[in-house]
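Residue numbering for the sequence shown follows the numbering used here, starting at 14 and increasing by one per position. For reference, the structure discussed in these notes is given below.
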Amino acid sequence: MRATNLICAALACLLSLPGSVRSEETSLDKAKAAFEKGEYTQAIEILKNAASGDPKNGDLFVLLTRSYLELNQYDAAVNSAEKAVSLSPKNSEYHRWLGEAYGAKADHASMLSAYSLARKTQKEFQAAVDLDAHNFDAQQDLIEYDCTAPGMVGGGEEKAQPLIEKLMAMDAAEGHYATGICRAQKKNYDAADAEFAKALEFKPKTAKRIYDIGDYYLQRKNGEKLLAVAGEELTQRDPRGKFYRGVGLILQNGKPPEAEKLLREYLEVAPKNSEYPRPWVAHYWLGRLLEIQKNPAGARGEYQAALKLDAKYKPAQEALKQLGKN
14 MRATNLICAA LACLLSLPGS VRSEETSLDK AKAAFEKGEY TQAIEILKNA
64 ASGDPKNGDL FVLLTRSYLE LNQYDAAVNS AEKAVSLSPK NSEYHRWLGE
114 AYGAKADHAS MLSAYSLARK TQKEFQAAVD LDAHNFDAQQ DLIEYDCTAP
164 GMVGGGEEKA QPLIEKLMAM DAAEGHYATG ICRAQKKNYD AADAEFAKAL
214 EFKPKTAKRI YDIGDYYLQR KNGEKLLAVA GEELTQRDPR GKFYRGVGLI
264 LQNGKPPEAE KLLREYLEVA PKNSEYPRPW VAHYWLGRLL EIQKNPAGAR
314 GEYQAALKLD AKYKPAQEAL KQLGKN
């Protein structure tokens with residue numbers, strides 16, 4: 014009997030511990046799924062409930078930070094990120110997200126508040142890099158800060174250069190990407206084009222970095238380069254490939270049926286968070302395609318669909334105005 018009781022007690026312990034872990038994991042998974050769908054308010058509710066039962070889980074607070082940022086709730090984002098860092102001060106990624114939260118808040122603060130927030134932003138990016146030099150997203154954040162921020166808040170291109178050199182020695186693709194960002198910030202687009210081309214030659218290790226380059230080519234409306242980005246090996250199973258290839262074809266005036274198919278497929282499968290081209294942007298480009306095909310009614314419908322998702326999206330606003338004049 015005693016042995017049986019011990020076995021039962023041991024089983025009870027084993028079941029109770031993994032059970033709570035499974036519950037926490039399920040909550041985090043549910044929150045991630047809601048986040049990917051763009052259901053940020055739902056993700057926040059799930060995470061807040063999970064955090065009340067597991068207040069020392071920093072991953073919950075980081076996803077809370079990201080969800081609040083998507084909703085432009087900057088104070089809440091900062092508070093969540095600060096909580097994550099307090100729980101795990103040596104976690105590089107937690108410091109990076111705290112820097113992102115400070116930076117977002119600074120962009121929408123008064124000049125006086127923005128000054129101190131900018132300093133905090135740089136401090137957190139630096140902390141993230143100091144904790145993990147291979148956190149390349151943090152490296153890029155810090156370099157971009159130095160390339161864009163004025164000296165009065167600790168920035169300066171001369172500070173970025175040694176960081177770029179160190180990054181170049183670690184990963185040439187990342188180094189050339191960072192250089193390209195700095196050149197683009199100075200509106201030296203020929204030099205930026207050359208650096209981004211070199212970054213692709215050195216094969217970035219993540220699809221994210223490839224599509225960061227794609228975003229630059231999208232801003233520059235360079236269809237040829239967008240098609241090259243969409244053809245990179247790492248991007249083949251990523252839904253963003255459909256978007257960039259579709260837009261590239263539109264800019265190249267090639268294969269309209271394929272371009273439309275790709276963009277509509279993208280709208281069906283792509284996550285709705287800010288790491289992916291927004292759905293209203295895809296609707297805008299569908300409108301552009303339909304205009305090219307002399308279908309103003311269809312184009313108007315796509316521009317209106319874009320504005321229904323984001324009423325302040327200026328390209329769709331301007332496109333509708335132009336349609337009205339024709």
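Quick reminder that beta carbons are idealized off the backbone N, C-alpha and C, glycines included.
Excluding sequence positions up to five before and after L76, its CB lies within less than 8 Å of the CB of L41, A44, K45, F48, A56 and L60, all in the same chain and listed in chain order. C-alpha of T78 to C-alpha of T248: approximately 27 Å in a straight line. The beta carbons of R253 and Y229 sit no closer together than 8 Å. Note on S93: 16 or more other CB atoms within 10 angstroms of its CB, so buried under the neighbour-count rule. Contact holds between the stretch 215-223 and the stretch 182-193, because three or more Cβ pairs, one in each stretch, are under 8 Å apart. Rounded to whole angstroms, E58 and F74 show a C-alpha spacing of 12 Å. For the alpha helix (DSSP H) assignment, the uninterrupted runs of no fewer than 4 residues enclosed by the stretch 99-141 are, from N- to C-terminal side, 105-120.
With contact defined as three or more Cβ pairs closer than 8 Å, the stretch 142-155 and the stretch 117-131 are not in contact.
Annotation: the continuous alpha helix (DSSP H) that includes Y224 extends over A220 to Q232. Between the C-alpha atoms of A64 and A117 there is a straight-line separation of about 24 Å. Membership of V294 in the alpha helix (DSSP H) is indicated by the continuous run P292 to I305. Short of 7 Å from the beta carbon of A272, and not among the five residues preceding or following it, lie these beta carbons of its own chain, in chain order: G259, L262, I263 and L302. The beta-carbon separation of A173 and C195, rounded to 6 Å, stays under the 8 Å limit for a contact.
Burial check for I305: the Cβ neighbour count within 10 Å stays below 16, so the residue is exposed. When the five nearest sequence neighbours on each side are left out, the beta carbons in the same chain lying within less than 6 Å of the beta carbon of A90 are those of T78, Y81, L82 and A114, in order along the chain. Under the three-state reduction of DSSP, R253 is assigned to helix. In terms of Cα proximity to Y257, the closest of E288, L231 and F209 is L231.
Judged by DSSP secondary structure, A312 falls within the alpha helix (DSSP H) whose first and last residues are P309 to L322. N201 has its alpha-carbon roughly 26 Å from the corresponding atom of Q139. About 7 Å separates the CB atoms of D159 and L176; that is less than 8 Å, so the two are in contact. Assigned with DSSP and collapsed to three states, N92 falls in helix.
Within the same chain, Y230 come within 6 Å of K238 by CB-CB distance, once the 5 residues on both sides are set aside.
In the DSSP assignment, L247 falls outside any alpha helix (DSSP H) and carries neither an H nor an E. Going by C-alpha positions, T54 is about 25 Å away from K327. With fewer than 16 other CB atoms across the displayed protein chains lying within 10 angstroms of its CB, A182 is exposed. In this structure A151 touches S105 by the C-beta definition: roughly 6 Å separates them, less than 8 Å. Under the criterion of beta carbons closer than 8 Å, L320 and Q330 qualify as touching, at roughly 7 Å. When only Cα atoms are considered, K268 and E171 end up about 46 Å apart.
Closest in alpha carbon position to E95, among N85, Q86 and Y107, is Y107. The straight-line gap separating the alpha-carbon atoms of W110 and R291 is approximately 21 Å. Cβ neighbours of A141 within its own chain (closer than 6 Å, five residues either side excluded): S105, H108, R109, N148 and A151.
Contact annotation: L299 and L276 have beta-carbon atoms nearer than 8 Å. Within a 10 Å sphere around the beta-carbon of K199 sit fewer than 16 other beta-carbons, which makes this residue exposed.
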